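Down below is the structure, laid out as structure tokens.
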Amino acid sequence: MKTTNFLCYVLLTLMVSFCTSCSDDENSYDETLVIASEVITTNEGTAYWVKKNGKTNWELMHTGISNFNHETGYEYIVRVMVYKNKNAGPDQSSHSYHLLRIISKEKKNSEVPLFTTDVSFFNQ
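If you count the sequence shown from 1, you need to add 10 to reach this note's numbering.
Laid out in structure tokens, this is it:
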């Protein structure tokens, strides 16, 4: 009897583990971004200077953020939901961003790099 109960428990645990491992949560995650006070225009469109998840280096992000309206002259800290685009084409981003909330908005001139190695910036 104890063996049967134990086997049922193990089987139930395996089934629950299997069902939760197949969830779509792996296709999205939330992230904190610092967005610089100025945006730049490249041949690919508007790009944001961002710092992701507490990193200290600025990088260009060419993907827009839905429900977010950037106001020049303000540096933002925002929380976004990042969705992985499963079948992104060659000219499409592999991720899309949706604003969850604005954590802070500060009037400031962000100290972004004067130079970038991002090729799209130079092909304007």
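All residues carry an ideal CB built from backbone N, CA and C; glycine is no exception.
In this text the structure is predicted, and so the values were computed from the model without any measurement.
One alpha carbon belongs to K94, the other to F78, and they sit about 19 Å apart.
For Y107, the number of other beta carbons within 10 angstroms of its own is at least 16, and it is reported as buried. Here E36 carries a helix assignment [DSSP, helix/strand/coil].
DSSP lists V88 as the bridge partner or partners of I112.
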